[in-house]
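Residue numbers for the sequence shown follow my numbering, beginning at 10 and rising by one. Positions of the beta carbon are idealized from the N, C-alpha and C atoms, including for glycine.
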Amino acid sequence: MPPTRFVRLSAMTMPTHLQDRVDQLRSGKFLGVQFDNFERTGREQLIFLLMCGLTPNSTLVDIGCGVLRAGYWLIHFLDTERYCGIEPSKERLSIGLTTVLEPETIQLKRPRFDHNPHFDTSVFNERFDYFLAYSIWTHAAKRHISMMLDNFLRDAKPDAVFLTTILPAGWRRPDYREDVWMGTSHESDTPGCIYQDLAWIKRECRRRDLSVYRIGKDRTMGQTWLRIARRDSSPRIADIRFQPRWKRVLERLRGI
Ligand SMILES: C[S@@+](CC[C@H](N)C(=O)[O-])C[C@H]1O[C@@H](n2cnc3c(N)ncnc32)[C@H](O)[C@@H]1O
10 MPPTRFVRLS AMTMPTHLQD RVDQLRSGKF LGVQFDNFER TGREQLIFLL MCGLTPNSTL
70 VDIGCGVLRA GYWLIHFLDT ERYCGIEPSK ERLSIGLTTV LEPETIQLKR PRFDHNPHFD
130 TSVFNERFDY FLAYSIWTHA AKRHISMMLD NFLRDAKPDA VFLTTILPAG WRRPDYREDV
190 WMGTSHESDT PGCIYQDLAW IKRECRRRDL SVYRIGKDRT MGQTWLRIAR RDSSPRIADI
250 RFQPRWKRVL ERLRGI
């Protein structure tokens, strides 16, 4: 089917609102993300990136982009050919490209994708300003995390930022020590989520001369966001930090 005809037909039959389009998928199989709050959870990822200096001309790789929950917002926001996504599940990405993203946006923004399962960001021949791995370290083995950090050093610009999320391990939530991905993927239909020891992540970052900061928890999924960057780098655009709650309360009491 010629591309222009595809655009017209799909645009006519697609519900206008993102959440309504995603709600149509509820009767199908699990796609690795919750249908409730889909629109909000993706938008929240964009907000965290904006607070860490994302601009339209930034280049970004979304590792494990799934059905484009964040990709939807990022592809809209970023300039043409600035968004790259890695997703080993062809089925999930194809649903993202047919149901989540509008065909005219695909044509205009020309996002690039790859299906490799090795977190290999070099396939795009690009030096990135941002690495994003949302709800990936909540399923990944430690060797996967090490691979992503090594690839960040290899394929990111000197002042680049790696934003990722974890569920921190604690005394009731044991650190994940298995060597395999836990959760649904291109290879598995078994859901699952794991916890990571933040001290181990800090050591891995220090070994690579990377800094790591906890920058907050998101409201939709309760995941803890980490901001990783080279130690000697200074961000071109200063981060906009969330004020801690105690500071906001104090300022209100002082009438500021
Ligand atoms: C919990 S989902 C998160 C998806 C996306 N980041 C989001 O916020 O909607 C995890 C995704 O990682 C993908 N995945 C599984 N193994 C992977 C691998 N080896 N490399 C990259 N992504 C992988 C899964 O298919 C799934 O789409």
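Q.
Quick check: the Cα distance between F161 and F140, rounded to an integer number of angstroms?
A. Start at 1 with the first residue of the sequence shown, and residue 161 comes out as number 152. Start at 1 with the first residue of the sequence shown, and residue 140 comes out as number 131. If I take the Cα positions, the gap works out to 7 Å.
**Q.** Best match in V170, N134, R181, H127 for proximity to S155 [C-alpha to C-alpha]
**A.** In the sequence shown, the residue the question calls residue 155 occupies position 146. Ranking V170, N134, R181, H127 by Cα distance to S155 puts H127 first.
Q: Kindly indicate which three-state DSSP category G41 falls into: helix, strand or coil?
A: Indexing the sequence shown from 1 puts residue 41 at position 32. Here G41 sits in coil by DSSP.
**Q.** Alpha-carbon spacing of T193 relative to S98, whole angstroms
**A.** As a working mapping, residue 193 is identified with position 184 in the sequence shown. As a working mapping, residue 98 is identified with position 89 in the sequence shown. In a straight line, the C-alpha of T193 is about 10 Å away from that of S98.
**Q.** Residues bridged to D184 (per DSSP)
**A.** By one-based count along the sequence shown, residue 184 stands at place 175. In DSSP, D184 forms a bridge with Y204.
(Q) In the DSSP output, which residue or residues are listed as bridge partners for K151? (A) Mapped onto the sequence shown, residue 151 falls at position 142. Beta-bridge pairing links K151 to no other residue.
Q: Grab me the residues of A149's own chain with a C-beta within less than 7 Å of its C-beta, minus the 5 sequence neighbours each way, in chain order.
A: Residue numbering aside, residue 149 sits at position 140 when the sequence shown is read from its first letter. Excluding residues within five positions, the ones whose Cβ falls inside 7 Å are W190.
Q: Return yes when the Cβ of C61 is within less than 8 Å of the Cβ of R236, no when it is not.
A: Along the sequence shown, read from residue 1 onward, the residue named residue 236 stands at position 227. Along the sequence shown, read from residue 1 onward, the residue named residue 61 stands at position 52. In this structure, C61 lies closer than 8 Å to R236 by Cβ.
Q: Give the range of the alpha helix (DSSP H) segment to which Y139 is assigned.
A: Locating residue 139 in the sequence shown gives position 130, where the first residue counts as 1. No alpha helix (DSSP H) holds Y139; the beta strand (DSSP E) holding it covers 137-142.
Q. Where does R217 sit, in a helix, a strand or coil, going by DSSP?
A. Taking the sequence shown and counting its residues from 1, one reaches residue 217 at position 208. The answer is coil: DSSP assigns R217 none of H, G, I, E or B.
Q | Limits of the alpha helix (DSSP H) - the one that F47 falls within | A | In the sequence shown, counting from the first residue as 1, residue 47 sits at position 38. That run of the alpha helix (DSSP H) goes 47-60.
Q | Status (buried if at least 16 other CB within 10 Å, exposed otherwise) for L63 | A | Indexing the sequence shown from 1 puts residue 63 at position 54. Looking at its Cβ environment, which holds 16 or more other Cβ atoms inside 10 Å, L63 is buried.
Q) Which residue from R257, D188, T114, H124 puts its Cα closest to that of W146? A) On the sequence shown, position 137 is the one that residue 146 refers to. It is D188 whose Cα lies nearest to the Cα of W146.
Q) Which stretch, first to last residue, makes up the beta strand (DSSP E) that contains W234? A) Within the sequence shown, numbered from 1, the residue matching residue 234 stands at position 225. Segment 233-239, the beta strand (DSSP E) holding W234.
Q: Using only the heavy atoms of ligand 1, determine whether one of them is closer than 7 Å to the beta carbon of A150.
A: Start at 1 with the first residue of the sequence shown, and residue 150 comes out as number 141. Checking the Cβ of A150 against ligand 1 gives no.
Q: Determine the contact status of A79 and D71, defining contact as a CB-CB distance below 8 Å.
A: The count along the sequence shown starts at 1 and reaches residue 79 at position 70. The count along the sequence shown starts at 1 and reaches residue 71 at position 62. By the CB criterion at 8 Å, A79 and D71 fall inside the cutoff.
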